[in-house]
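Engineer:
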C-alpha cells in the first residue's frame, strides 16, 4: 500500500489571505464583535507567550514551552467550550488557559517553580498542566465517563500533540472512549514536530484517519484558522454532549518556536519550512479579514497593541514579585484533610532543614 | 541605579555559556526585552533579552569567553535613585536559585574558580579511626548526617580524613569544625598543581574535539597509503608558474593535488558523498575542504563547486581560502557543506598520517612531504621527488576496492599530470 500523494482535505473557513470560504459541513456565523474579540484573544495570548519566553531568557523562569503559531488552534477550541465542559491541557495550552479565565501569572508560577499549577481546576474547568506526554487523555476519558454517569450536559476536551499519538496512553484512551461512547473530544494539535522528530517518522497515515480504526470520526482542521477551529470543535463538543461519542480533531498547525526554551530547532529543521508557515500566520489572516471587510479600523488595532504591551509589562512585574514558597509548603496539599503521617513528615523535614547553616 | 544582569541558566541545568556576540556596547540605551547578547550553551545558540531599561554601564565578558551561570555579564543604569537600603544589605552567601529541573543553579563568585587541590584538605592523620561494626573500609562508608556533610562541603573538608566522635563512628559537626581548624599542611599535591597548566576548552578547540569524536566514533575509518613519484608534477608546477595565467597567483604542488582529487571525485561520485541511515547522498558538487592550521586552531573551509573551476580559478580560490582562514575570517558558509578534504601534513615535514574524516564527508586525503628518494626507473636506481598519499575513507560508503581506485588514480595523475587532462 502506498501513502496518499495529495494532502488530505482540511476544514478551512478563513484562508491565509483572510478570505472567508464556505464548507458544506461546518459553518459559523460570527458577529463583528465576536471576530474582534477572537482577534484580541489571539494577540494577547501571543503577547503573554513572548513575555514568558523573554522572562525565561532572563533567568526568571526555569523553562517555557512557547505556543507561537498555535494561537488559533487554542483560542478557537478554547472558545468552543461551554462553562460546564472540562479541559485537560498539556503544558503548552496557554491560549486555552486564557480562554478559561486562568490568570497567566499562575502559568508563570509553575514554570518559575513557585507553585505546582497555581489555579483551581474546578473553578475554571481547566485541569492542571500535564507534563507527562499523553496521560491526560486517560484522565479526560475517565472524566467524560463520569459526566456520562451523572447524566450531565457537558463534555470533556483533551489536548495533546502529534508526538503523543505514539503513546500507549493515548491509544488506550481512544479505545475506552470508543467502547464506552464517552463524551470526549480529542483535540490533537499537530504542530509537525515532536521535539526533533518530524511527523513523517511517526505516522504513515494522516493522524485524523487513525480515529476510524478505533471506531469514531476524525476530522482535520486548519489549525491556523481560528474560525474553523471554533466551528469544528464546537460541533464535536455538541455531538459528544448529545451522546454521540468521541471525535478526534486534528488541528493542522506548526510550532513556530522551539519545543521549549531548552531546545534549538535550527539543529534539526530547515528555515524554508518556517518561512512557508509564516505565510499562514493565524493572527494576520484575521486582521486582514477585519480590515478588508471594514469591521475594524487602525484605531482598534492600535488599541489592542497597547493593551497587549500593558499586559506584558504588568505580567512581568507580577512575575518578578512572586514569592518563593517555604520548603515546608510542599506538605500542605498532599491531603485535603489533616493527616497524621504527613504531619510527622513535615515535623521531621522542618527539623532537618533547621540543621543547615543560616536556617531560619 | 545600576542593575546587574546575571547569566541565567537558559536550558535546564546548564552551568556555563560562551558569549558569541554582543548586540550592545557601553553607553548604548536599551529597552526591556531588547536583544543584548547571543550566547552559545551546550544546547543552543540563544539570544538574551535585556530585563532592564536604561544605559549600558558595563559589559563583563568578552566575545568568545566562557562564563559561568550566575556571573554578572552586563550592568544597566536605569537612571533612578540608588536605593540605599539595598546597597546596605550584605551579599548573601552562595545560594541556590530554584529551577524547574535539577538541584538549582549555584551562584558562584565571578569567573571560574580554580580547581581545588587536595592540599586544601587539612592534612591531619585520621588518628585512630573508630572501626565500624561491619569492618568495611572507612573511605567507602563515612557516617555523617546530611547537614554535617553540607557543612563539610562548604568548608572544603574531606569527611574521609575526619576523625569521628559521634555514635556508631559517625562524624559530628564539631569533628568537622575541629578538622577545619587543624593546620593545613602544604601538601605534595600543591607542587603537582604548579607543574600543570590549564587551557580552557572552548571555541575552535572545543568544536574540533566534538567533530573529531563524532567522526571517529560514527564512521568506520579505513586508511590506505601510496608512495608516488611526483617528479613530473614538480616539473609541471615549474612550467605552470611561467605561464601568464598564473602571474598573480601561487602555483604549488597542493594545487595539482587538489585538481587530481577533484577529478577523482568526478570519476567516482560515490566517494563524494554523505552517509545517512536512509540513503547515501551522492553530491554533484565537489566542495573541496582544505584543512588549515591557524592561530585559532584547526579550521576546514571549503571551495564550493571546485569541479567547475579552471586551474587558475582553483589556484585563486585556494589562496583566498587559506588567507581568510589564517586571518580568522572564514565564514560559517565556507566551513560547512564540504564534500571531501585535503590535509597538507607535508608542510610540517611529515610523510603520512591516518586523517580523521571531516564529519559528513566520506573521504579525506593526507598529502605528505615531497623529498628526494631513491626510486627505481627502468631498472635503474635514480633520485626522484617522492611523496606519500594517505586516503582515509568511511567504510560504510566506500569499500576497499573503490577507496583503492580513488587513491590509485590520484597517484597516477600526480605521477603523470597529463592524465588530469585526459580524465577531466
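Chains as they are written, first to last, in our numbering: chain V, 1 to 360; chain X, 1001 to 1424.
Ideal placement from N, C-alpha and C gives every residue a C-beta, glycine not left out.
1) Applying the 10 Å Cβ sphere with the 16-neighbour rule, what's the burial state of residue 354 of chain V?
2) May I ask you to report which of helix, strand or coil DSSP gives residue 217 of chain V?
3) Report the rounded CA-to-CA distance for residue 1395 of chain X versus residue 1230 of chain X, giving the unit in angstroms.
4) State yes or no: is the beta carbon of residue 1359 of chain X nearer than 8 Å to at least one beta carbon in chain V?
5) Is residue 1077 of chain X helix, strand or coil when you go by DSSP?
6) Please determine, among V:330, V:35, V:50, the residue with the shortest C-alpha to C-alpha distance to residue 350 of chain V.
7) Any idea what DSSP makes of residue 64 of chain V, helix, strand or coil?
8) Could you pull out every residue in the same chain whose Cβ sits closer than 6 Å to the Cβ of residue 1077 of chain X, ignoring the five residues on either side in sequence?
9) Nearest-angstrom Cα distance between residue 1420 of chain X and residue 268 of chain V?
10) Along the chain, where does the alpha helix (DSSP H) containing residue 224 of chain V start, and where does it finish?
11) When you compare each of X:1296, X:1372, X:1011 to residue 1329 of chain X by their alpha carbons, which one comes out closest?
12) Have a look at V:48, V:324, V:167 and flag the residue whose alpha-carbon is nearest the alpha-carbon of residue 71 of chain V.
13) Rounded to whole angstroms, what is the Cα-Cα separation between residue 305 of chain V and residue 53 of chain V?
14) Ends of the alpha helix (DSSP H) at residue 989 of chain X?
15) DSSP puts residue 111 of chain V in a beta bridge; with which residues?
16) Any chance the segment 32-51 of chain V sits against the segment 8-24 of chain V, with 3 or more Cβ pairs inside 8 Å?
17) Is residue 1407 of chain X close to chain V? Criterion is C-beta to C-beta, closer than 8 Å.
18) Just mark residue 82 of chain V as buried or exposed, buried being the case when its beta carbon has 16 or more other beta carbons within 10 Å.
19) Can you tell me which of X:1236, X:1341, X:1063 puts its alpha carbon nearest to the alpha carbon of residue 1073 of chain X?
20) Ordered along the chain, which non-local residues of its own chain (more than five positions away) have a Cβ less than 8 Å from that of residue 295 of chain V?
21) Report the neighbours of residue 1206 of chain X on chain V: residues whose CB is nearer than 9 Å to its CB, in chain order.
22) Tell me where the alpha helix (DSSP H) around residue 1415 of chain X begins and ends.
23) Would you mind telling me which residues of chain V sit closer than 7 Å to residue 1156 of chain X, beta carbon to beta carbon, in chain order?
24) If we ignore side chains and look at the alpha-carbon of each, how far apart do residue 1385 of chain X and residue 1337 of chain X end up?
25) If you measure from the beta carbon of residue 57 of chain V to each beta carbon in chain X, is any gap under 8 Å?
26) I want to verify the contact list: residues of chain X whose CB lies under 9 Å from the CB of residue 140 of chain V, in sequence order.
27) For the beta strand (DSSP E) holding residue 1047 of chain X, just list the boundary residues, first then last.
28) Shortest alpha-carbon distance to residue 1339 of chain X belongs to which of X:1291, X:1390, X:1283, X:1369?
29) Find the residues of chain V that neighbour residue 1059 of chain X, judging by a C-beta separation of less than 9 Å, and give them in chain order.
30) Let me know if residue 1390 of chain X comes out buried or exposed under the rule of 16 or more other beta-carbons within 10 Å of its beta-carbon.
31) Check the Cβ-Cβ distances between residue 54 of chain V and every residue of chain X, and say whether any is below 8 Å.
32) Once you ignore the five residues that flank residue 1344 of chain X on each side, which residues in its own chain have a CB closer than 6 Å to its CB?
33) Compute the beta-carbon to beta-carbon distance between residue 1270 of chain X and residue 1398 of chain X, rounded to the nearest angstrom, for a pair I have assumed lies under 8 Å.
34) Would you kindly work out how many angstroms separate the C-alpha atoms of residue 1013 of chain X and residue 1156 of chain X, rounded to a whole number?
35) Need the endpoints of the alpha helix (DSSP H) that residue 98 of chain V sits in, please.
36) Determine which residues of the segment 1227-1249 of chain X have a Cβ less than 9 Å from any Cβ of chain V, and write them out in chain order.
Structural biologist: A quick look at the data gives this:
1) Sequence index remark: in the first chain, residue 354 of chain V carries index 354 (1-based). Residue 354 of chain V is exposed by the Cβ-count criterion.
2) Here residue 217 of chain V refers to the residue found at position 217 when the first chain is read from its first residue. Three-state DSSP puts residue 217 of chain V in coil, outside helix and strand.
3) Along the second chain, one-based indexing puts residue 1395 of chain X at 395. Along the second chain, one-based indexing puts residue 1230 of chain X at 230. Whole-angstrom Cα-Cα distance: 28 Å.
4) As a working mapping, residue 1359 of chain X is identified with position 359 in the second chain. Cβ-Cβ to chain V under 8 Å: no for residue 1359 of chain X.
5) Locating residue 1077 of chain X in the second chain gives position 77, counting from the first residue. Here residue 1077 of chain X sits in strand by DSSP.
6) Position 350 of the first chain, counted from the first residue, corresponds to residue 350 of chain V. The option with the nearest alpha carbon to residue 350 of chain V is V:330.
7) Taking the first residue of the first chain as 1, we reach residue 64 of chain V at position 64. DSSP places residue 64 of chain V in coil when its eight states are reduced to three.
8) Position 77 of the second chain, counting from 1, holds the residue named residue 1077 of chain X. Contacts found: 1002, 1054, 1055, 1057.
9) Taking the first residue of the second chain as position 1, residue 1420 of chain X is located at position 420. Taking the first residue of the first chain as position 1, residue 268 of chain V is located at position 268. Their Cα atoms are separated by approximately 40 Å.
10) Counted from its first residue, the first chain places residue 224 of chain V at position 224. Here residue 224 of chain V belongs to no alpha helix (DSSP H), and DSSP marks it neither H nor E.
11) Counted from its first residue, the second chain places residue 1329 of chain X at position 329. When only C-alpha atoms are compared, the closest one is X:1296.
12) By 1-based counting over the first chain, the position of residue 71 of chain V is 71. The option with the nearest alpha carbon to residue 71 of chain V is V:48.
13) Counted from its first residue, the first chain places residue 305 of chain V at position 305. Counted from its first residue, the first chain places residue 53 of chain V at position 53. Distance between the alpha carbons of residue 305 of chain V and residue 53 of chain V is about 18 Å.
14) Beyond the ends of chain X as shown, which are 1001 and 1424, falls residue 989 of chain X; an answer cannot be given.
15) Here the question's residue 111 of chain V lines up with position 111 in the first chain. None; residue 111 of chain V has no bridge partner.
16) no
17) The residue given as residue 1407 of chain X occupies position 407 in the second chain. Residue 1407 of chain X does not count as touching chain V.
18) Working through the first chain from its first residue, we reach residue 82 of chain V at position 82. So residue 82 of chain V ends up on the exposed side.
19) Residue mapping note: residue 1073 of chain X aligns to position 73 of the second chain, counting from 1. Residue X:1063 is the option with its Cα nearest to residue 1073 of chain X.
20) Numbered from its first residue, the first chain carries residue 295 of chain V at position 295. The answer, listed in chain order, is 32, 35, 36, 289.
21) As a first step, residue 1206 of chain X must be located in the second chain, where it is residue number 206. Chain V residues near residue 1206 of chain X: none, gap ~16 Å exceeds 9 Å.
22) Taking the first residue of the second chain as position 1, residue 1415 of chain X is located at position 415. Looking at the DSSP string, the run of the alpha helix (DSSP H) that includes residue 1415 of chain X is 1400-1415.
23) For the purposes of this step, residue 1156 of chain X is taken as residue 156 along the second chain, with counting starting at 1. By Cβ distance, chain V contributes nothing, its closest Cβ being about 14 Å from residue 1156 of chain X, past 7 Å.
24) In the second chain, counting from the first residue as 1, residue 1385 of chain X sits at position 385. In the second chain, counting from the first residue as 1, residue 1337 of chain X sits at position 337. Residue 1385 of chain X and residue 1337 of chain X: Cα-Cα distance of roughly 34 Å.
25) Walking along the first chain from the start, residue 57 of chain V turns up at place 57. Yes, its Cβ sits closer than 8 Å to a Cβ of chain X.
26) Along the first chain, read from residue 1 onward, the residue named residue 140 of chain V stands at position 140. The premise fails here: residue 140 of chain V is roughly 25 Å from chain X at the closest Cβ pair, so nothing lies under 9 Å.
27) Mapped onto the second chain, residue 1047 of chain X falls at position 47. 1045-1049 is the extent of the beta strand (DSSP E) around residue 1047 of chain X.
28) Translated into the one-based positions of the second chain, residue 1339 of chain X becomes position 339. Measuring from the Cα of residue 1339 of chain X, the nearest candidate turns out to be X:1283.
29) Walking along the second chain from the start, residue 1059 of chain X turns up at place 59. Going along chain V, no residue has its Cβ under 9 Å from residue 1059 of chain X, so there is no contact; the nearest lies around 16 Å.
30) Your numbering for residue 1390 of chain X matches position 390 in the second chain. Buried is the call here.
31) Position 54 of the first chain, counted from the first residue, corresponds to residue 54 of chain V. Yes, its Cβ sits closer than 8 Å to a Cβ of chain X.
32) Taking the second chain and counting its residues from 1, the one referred to as residue 1344 of chain X is at position 344. Only 1254, 1367 meet the Cβ criterion.
33) By one-based count along the second chain, residue 1270 of chain X stands at place 270. By one-based count along the second chain, residue 1398 of chain X stands at place 398. Correct: roughly 7 Å between the Cβ atoms.
34) On the second chain, position 13 is the one that residue 1013 of chain X refers to. On the second chain, position 156 is the one that residue 1156 of chain X refers to. For residue 1013 of chain X and residue 1156 of chain X, the distance between alpha carbons rounds to 23 Å.
35) Within the first chain, the letter at position 98 stands for residue 98 of chain V. Note, residue 98 of chain V: alpha helix (DSSP H), 94-99.
36) none
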